[in-house]
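Note sheet for the following structure.
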Amino acid sequence: MQRTMGGPMAVPVSVLRLPRGPDGSGRGFSSTTPNRRGEAPEVTEVTKATQATRAALRRRFLLSLAAARGQTATFVLCQHGRVGGNDGSAAAAFQVDALQTPLGVQRAALLRGRDVVAFGFQMAEK
Numbered sequence: 001m002q003r004t005m006g007g008p009m010a011v012p013v014s015v016l017r018l019p020r021g022p023d024g025s026g027r028g029f030s031s032t033t034p035n036r037r038g039e040a041p042e043v044t045e046v047t048k049a050t051q052a053t054r055a056a057l058r059r060r061f062l063l064s065l066a067a068a069r070g071q072t073a074t075f076v077l078c079q080h081g082r083v084g085g086n087d088g089s090a091a092a093a094f095q096v097d098a099l100q101t102p103l104g105v106q107r108a109a110l111l112r113g114r115d116v117v118a119f120g121f122q123m124a125e126k
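Numbering (UniProt numbering), first residue to last: 1 to 126.
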């Protein structure tokens, strides 16, 4: 798509790059796995229960992110750091406006999801 002055910008597309396999030329797929040999993966009751639990936890997490959007939230970070601000929420990173840190207030910031140990916010009463 060519971009002309004032025309629409191309939408960026994320690309997943798989790591190289142990042989150096592969992309991490083993030819000995059941899927590669055409066998169906074994599904047990434990696997089903684990998947159901993970799905329920993921749903609860996403609902809490949706509820926190626009609320003043407190974030507990690795190394026991505490910061606060207006949560803009996302799954991989938290977009926070007016982030209050020990060094001052940042107008806007992104907190990496893996750095956030916990977050909390006050729910409005109905």
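Idealized CB from N, CA, C, for every residue including glycine.
By the criterion of a C-beta distance shorter than 8 Å, threonine 72 is surrounded in its chain by Gly84, Gly85, Asn86, Asp87, Phe121, Gln122, once the five residues flanking it on both sides are discounted. Residue state for arginine 60 is assigned as helix, using DSSP reduced to three classes.
Each of Asp97, Arg69, Ala92 was checked against the Cα of valine 116, and the nearest Cα belongs to Ala92. Residue environment: leucine 63 is assigned as exposed (fewer than 16 neighbouring CB atoms within 10 Å of its CB, all protein chains considered). In the DSSP assignment, valine 96 falls within the beta strand (DSSP E) that extends over 93-101.
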